[in-house]
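**Student:**
Number of protein chains: 2
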Amino acid sequence: MNPIIELLRRHRSIRKFKPDPLTPEQIEAILRAAQSASTSSNVQAYSVVNVTDPALRKKLRAVAADQAYVEQCPLFLVWCADMYRLRLACEKEGVRMVHDTMENFIVATVDTALAAQNAAVAAESMGLGVVYIGSIRNDAREAARLLNLPELVYPVFGMCIGYPDHEPMPRPRLPLRAILHENGYNPSALPDAIDEYDATMRQYYAERTKGRRDTTWSKEMADKFRQPLRDYMRAFLEEQGFRFER
Amino acid sequence: MNPIIELLRRHRSIRKFKPDPLTPEQIEAILRAAQSASTSSNVQAYSVVNVTDPALRKKLRAVAADQAYVEQCPLFLVWCADMYRLRLACEKEGVRMVHDTMENFIVATVDTALAAQNAAVAAESMGLGVVYIGSIRNDAREAARLLNLPELVYPVFGMCIGYPDHEPMPRPRLPLRAILHENGYNPSALPDAIDEYDATMRQYYAERTKGRRDTTWSKEMADKFRQPLRDYMRAFLEEQGFRFER
Numbered sequence: 463m464n465p466i467i468e469l470l471r472r473h474r475s476i477r478k479f480k481p482d483p484l485t486p487e488q489i490e491a492i493l494r495a496a497q498s499a500s501t502s503s504n505v506q507a508y509s510v511v512n513v514t515d516p517a518l519r520k521k522l523r524a525v526a527a528d529q530a531y532v533e534q535c536p537l538f539l540v541w542c543a544d545m546y547r548l549r550l551a552c553e554k555e556g557v558r559m560v561h562d563t564m565e566n567f568i569v570a571t572v573d574t575a576l577a578a579q580n581a582a583v584a585a586e587s588m589g590l591g592v593v594y595i596g597s598i599r600n601d602a603r604e605a606a607r608l609l610n611l612p613e614l615v616y617p618v619f620g621m622c623i624g625y626p627d628h629e630p631m632p633r634p635r636l637p638l639r640a641i642l643h644e645n646g647y648n649p650s651a652l653p654d655a656i657d658e659y660d661a662t663m664r665q666y667y668a669e670r671t672k673g674r675r676d677t678t679w680s681k682e683m684a685d686k687f688r689q690p691l692r693d694y695m696r697a698f699l700e701e702q703g704f705r706f707e708r
Numbered sequence: 463m464n465p466i467i468e469l470l471r472r473h474r475s476i477r478k479f480k481p482d483p484l485t486p487e488q489i490e491a492i493l494r495a496a497q498s499a500s501t502s503s504n505v506q507a508y509s510v511v512n513v514t515d516p517a518l519r520k521k522l523r524a525v526a527a528d529q530a531y532v533e534q535c536p537l538f539l540v541w542c543a544d545m546y547r548l549r550l551a552c553e554k555e556g557v558r559m560v561h562d563t564m565e566n567f568i569v570a571t572v573d574t575a576l577a578a579q580n581a582a583v584a585a586e587s588m589g590l591g592v593v594y595i596g597s598i599r600n601d602a603r604e605a606a607r608l609l610n611l612p613e614l615v616y617p618v619f620g621m622c623i624g625y626p627d628h629e630p631m632p633r634p635r636l637p638l639r640a641i642l643h644e645n646g647y648n649p650s651a652l653p654d655a656i657d658e659y660d661a662t663m664r665q666y667y668a669e670r671t672k673g674r675r676d677t678t679w680s681k682e683m684a685d686k687f688r689q690p691l692r693d694y695m696r697a698f699l700e701e702q703g704f705r706f707e708r
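As they're listed, the protein sequences go chains E and U. Position 236 (the first sequence) corresponds to 698 in the working numbering; numbering is contiguous. Position 229 (the second sequence) corresponds to 691 in the working numbering; numbering is contiguous.
#1: Quick one: using the 10 Å Cβ neighbour count with 16 as the cut-off for buried, is E:A582 buried or exposed?
#2: Put U:I623 into one of helix, strand or coil per three-state DSSP.
#3: If we call anything under 7 Å between Cβ atoms a contact, is U:D573 one with U:A507?
#4: Measure from the C-beta of E:Y625 to each C-beta in chain U and report whether the shortest distance is under 7 Å.
#5: Below 9 Å on C-beta distance, what does U:P481 contact in chain E?
#6: Once DSSP output is grouped into helix, strand and coil, what is the label at U:A651?
#7: If you check the beta carbons only, do U:F687 and E:V560 fall under 7 Å apart?
#8: For U:Y594, go through chain E and note every residue whose CB falls closer than 7 Å to its CB, in chain order.
#9: For the stretch 698 to 706 of chain E and the stretch 607 to 624 of chain E, state whether three or more C-beta atom pairs, one from each stretch, are separated by less than 8 Å.
#10: Taking Cβ to Cβ, would you say E:L652 is nearer than 7 Å to U:R547?
#11: Relative to chain E, which residues along the stretch 536 to 549 of chain U have a C-beta separation below 7 Å, given in chain order?
#12: Can you tell which of E:N648, E:K554, E:E555 and E:L469 has its C-alpha closest to the C-alpha of U:A499?
#13: So U:F687 is in the alpha helix (DSSP H); what residue range does that whole segment cover?
#14: Would you tell me roughly how many angstroms separate the C-alpha atoms of U:P418 and U:F479, rounded to the nearest one?
#15: Select from the stretch 622 to 650 of chain E all residues with a C-beta closer than 9 Å to any C-beta belonging to chain U, and list them in chain order.
#16: Would U:T563 pass as an interface residue toward chain E - the criterion being a Cβ-Cβ separation below 7 Å?
#17: Can you list, in chain order, the stretches of the alpha helix (DSSP H) that have 4 or more residues and sit fully within the stretch 539 to 577 of chain U?
#18: On the DSSP bridge assignment, give the partners of E:S509 in chain order.
#19: Does the distance from the C-beta atom of U:R696 to that of E:M545 stay below 7 Å?
#20: Could you check what DSSP says for U:F698 in three-state terms: helix, strand or coil?
#21: Answer with buried or exposed for U:A527, where buried requires no fewer than 16 other C-beta atoms within 10 angstroms of its C-beta.
#22: Suppose you measure from the CA of E:P483 to the CA of E:I489; what does that come to, to the nearest Å?
#23: Taking Cβ-Cβ distances shorter than 7 Å, what residues in chain U pair up with E:L576?
#24: Determine which residues of the stretch 512 to 530 of chain E have a Cβ less than 7 Å from any Cβ of chain U, and write them out in chain order.
#25: Between which two residues does the alpha helix (DSSP H) containing E:I466 stretch?
#26: Considering only the alpha carbon of each residue, which of E:S509, E:W679, E:A640 and E:K554 lies closest to E:A606?
#27: Please state the DSSP three-state secondary structure of U:E644.
#28: Return the first residue and the last residue of the alpha helix (DSSP H) that U:I492 is part of.
#29: Cutting at 8 Å between CB atoms, please list the residues of its own chain near E:S502, excluding the five before and the five after it.
#30: Residue range of the alpha helix (DSSP H) that E:Q534 falls in?
#31: Which ranges would you report for the beta strand (DSSP E) in the stretch 592 to 636 of chain U if only whole runs of at least 3 residues count?
#32: State yes or no: is the beta carbon of E:Q506 nearer than 7 Å to at least one beta carbon in chain U?
#33: Less than 7 Å between CB atoms is the rule here; does E:E658 satisfy it with respect to chain U?
#34: How would you label E:P617, buried or exposed, when you count the other beta carbons within 10 angstroms and need 16 or more for buried?
#35: Who are U:L537's beta bridge partners in DSSP?
#36: Compute the Euclidean distance between the alpha carbons of U:R639 and U:E682, then round it to the nearest angstrom.
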């Protein structure tokens with residue numbers, strides 16, 4: 463263990479922020495740390511929209527399940543997978559970019575996530591707290607319209623950043639043996655590990671809610687995945703010019 | 463700037479490793495740091511295969527463009543997006559998981575990348591070097607077969623970890639203004655920023671190769687994207703049970 467690993471292990475999502483703004487230097491440090499993350503063949507297939515306009519924040523809050531912190535946090539970034547800039551680079555060389563592959567979509571989505579996670583770590587290293595806003599995908603079409611995203615760009619998630627104004631309990635994770643395999647995936651290890659985690663999470667929810675919430679991880683996941691989620695996403699991505707033919 | 467941001471900014475991919483093995487404690491610290499990353503609604507939709515078997519390493523090296531470091535690095539992890547474990551959790555609750563959405567695929571892919579990036583940072587904090595192995599997707603079907611991946615699991619990338627045995631120059635990134643927008647995406651800012659980066663990269667390649675390589679970022683990208691990449695990926699993912707109907 464070292465201070466950096468301790469920082470990573472202490473991560474918890476922050477959903478209440480002090481009003482103190484970040485300095486321009488802090489914002490630049492966060493974004494340059496993001497840029498230092500690995501990127502597939504240096505494609506750097508992501509862009510970031512820093513939303514400073516209060517009216518725009520309010521509209522994005524409405525997209526993102528009306529979460530107040532989207533409007534109120536000092537820094538709100540929208541992380542976008544971006545093949546548009548790559549198309550410009552190809553056109554500069556007189557080349558028509560081929561972009562109808564699932565592979566390109568994976569590359570852009572992964573590049574975005576790697577950069578964002580570096581940003582999150584950089585922010586936390588300065589004593590800031592962060593939360594990912596996946597709910598921007600509740601209506602990614604509207605978010606893309608509000609942010610003027612061109613073809614071949616889609617909003618993967620938002621991110622609120624600021625000084626924490628609460629101290630939530632870190633949420634326990636699956637036992638390591640539930641996610642780690644040696645030399646080959648071993649499905650038979652999973653049921654026991656899931657049972658153990660369900661017991662852990664039942665206790666966690668009970669403590670956090672002073673006994674009002676009696677549930678487990680499996681129950682939460684069953685509730686979440688019993689219906690299709692954000693089932694307009696394929697259509698929206700095709701509207702943005704992404705193709706998944708092969 | 464602080465030591466953590468300095469660490470992030472110093473990142474460069476390492477492709478030559480000393481033979482010194484990692485301790486079990488180091489490996490556990492890396493994986494627990496990965497687990498501490500944010501995850502969408504706590505779904506934790508990823509798994510990691512630690513490949514310790516030399517014969518299996520050799521086969522994965524053949525998949526991954528014959529990169530010697532896949533075989534030779536002290537620790538080789540394959541990071542997999544995983545909805546299979548979530549299906550088990552649903553089944554435990556008697557629920558049939560709906561998993562035919564692009565949304566679920568995005569969630570699993572993003573979760574995997576966030577966890578992996580935390581692992582990369584944790585490794586680098588211990589003086590280790592890492593490189594992502596996207597070329598595992600050169601034949602993801604064969605990688606999945608070799609690693610016995612069940613339905614609803616796919617290998618997103620590999621990762622080599624170990625003590626660096628070379629010191630490559632960090633690769634310059636796009637100017638910040640090429641990736642950062644305020645309140646809305648501004649395409650008109652891009653051409654100048656790309657030109658600037660092309661000049662930077664021409665100089666970088668010339669220095670790195672002592673003048674033997676005369677190219678730019680745009681040329682590299684045009685060469686890469688003039689043909690479809692890994693165009694079996696959609697078919698492979700469907701074989702693994704992923705669906706993208708909506």
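We treat Cβ as the ideally placed atom computed from N, Cα and C, and that holds for glycine.
**Tutor:** The structure says:
#1: buried
#2: Correct three-state label for U:I623: strand.
#3: yes
#4: Chain U contact via Cβ: absent.
#5: Ordered by position in chain E, no residue passes the 9 Å Cβ test against U:P481, which lies about 20 Å from the chain.
#6: helix
#7: yes
#8: S500
#9: yes
#10: A Cβ-Cβ contact shorter than 7 Å links E:L652 with U:R547.
#11: Here the close residues are R547 and L548.
#12: E:L469
#13: Counting along the chain, the alpha helix (DSSP H) containing U:F687 begins and ends at W679 to F687.
#14: Residue 418 of chain U is absent from the model: chain U starts at 463 and stops at 708.
#15: Those residues of the stretch 622 to 650 of chain E that come within reach of chain U (Cβ to Cβ, closer than 9 Å) are P632, R633, R635, L636, L638, A640, I641, L642, H643, E644, N645, G646, Y647, N648 and P649.
#16: yes
#17: Counting only runs of 4 or more, we get 546 to 554.
#18: E:C542
#19: Result no, Cβ atoms of U:R696 and E:M545 do not sit closer than 7 Å.
#20: helix
#21: By the neighbour-count rule (16 or more Cβ atoms within 10 Å), U:A527 is not buried but exposed.
#22: 10 Å
#23: A575 and Q579
#24: N512, V513, T514, D515 and L518
#25: P465 to R471
#26: E:S509
#27: strand
#28: It spans P486 to Q497 - the alpha helix (DSSP H) in which U:I492 sits, taken as one unbroken run.
#29: Once the five neighbours on either side are set aside, the close Cβ partners of E:S502 are V569, V572 and D573.
#30: E:Q534: member of the alpha helix (DSSP H) spanning A530 to Q534, first to last residue.
#31: Those beta strand (DSSP E) runs which fall completely within the stretch 592 to 636 of chain U and span 3+ residues are 615 to 624.
#32: yes
#33: no
#34: buried
#35: BP columns for U:L537 point to U:I623.
#36: 20 Å
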